[in-house]
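**Student:** Pasting in a structure now, in structure tokens, and then I'll have a few things to ask.
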Ligand code: TYD
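In the working numbering, the protein residues as written are 287 to 423.
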């Protein structure tokens with residue numbers, strides 16, 4: 287059973303070889319511990335820019351650097367900080383609900399996000415103070 291309360295790195299299988307190239311697969315209940323309702327991707331983020339600076343009340347995500355290098359600072363409601371780097375398309379980062387995230391990108395990075403819910407601005411907590419105070423029910 288996958289632990290769904292803490293972030294973790296997913297090692298996707300790399301199917302193929304260096305002559306042919308590779309394919310990796312994200313399937314529900316196999317590598318991804320939720321039903322995928324949405325996929326989105328971010329790209330052309332300037333090197334000096336950080337994105338994120340929010341948490342989600344319910345949303346779970348698996349994030350893949352399909353290109354480039356992406357660094358995450360994740361903070362829980364007890365202010366414990368975790369750092370993750372995804373630098374290979376065969377890796378994914380699972381982020382549970384209620385983690386504050388700050389994300390930086392190499393110039394060529396493309397971040398693919400597989401998400402457990404469709405977009406809903408009501409699910410965002412965009413103030414760090416509000417995040418720390420949010421009652422996890
Ligand atoms: P946001 O999630 O704040 O991006 P990031 O944390 O990477 O900086 O989203 C940026 C903008 O895009 C915000 O105005 C909402 C919009 N948006 C959608 O309309 N649909 C989506 O699925 C997502 C992820 C964002």
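Glycine residues also receive a C-beta, built at the ideal position from the N, C-alpha and C atoms.
(1) Label residue 346 either buried or exposed according to how many other C-beta atoms from any shown protein chain fall within 10 Å of its C-beta, with 16 as the threshold for buried.
(2) Please classify residue 409: does DSSP put it in a helix, a strand, or coil?
(3) Give me every residue whose Cβ sits closer than 5 Å to any heavy atom of the ligand TYD, in chain order.
(4) Can you tell me which of 336, 334, 337 and 296 puts its alpha carbon nearest to the alpha carbon of residue 317?
(5) Who are the near neighbours of residue 302 in its chain, counting only those whose CB is closer than 7 Å to its CB and skipping five residues on each side?
(6) Relative to the alpha-carbon of residue 385, which residue among 325, 304, 361 and 422 has its alpha-carbon at the smallest distance?
**Tutor:** Well, looking at it:
(1) Taking the chain shown and counting its residues from 1, the one referred to as residue 346 is at position 60. It counts as buried.
(2) As a position in the chain shown, residue 409 is number 123, starting the count at 1. Note: residue 409 maps to helix in three-state DSSP.
(3) 326, 337, 338 and 405
(4) Counting from 1 along the chain shown, the entry for residue 317 is found at position 31. Of the candidates 336, 334, 337 and 296, the one whose C-alpha sits nearest the C-alpha of residue 317 is 296.
(5) Residue numbering aside, residue 302 sits at position 16 when the chain shown is read from its first letter. 308 and 309.
(6) To locate residue 385, count along the chain shown from 1; it is residue 99. Among 325, 304, 361 and 422, the Cα nearest to that of residue 385 belongs to 361.
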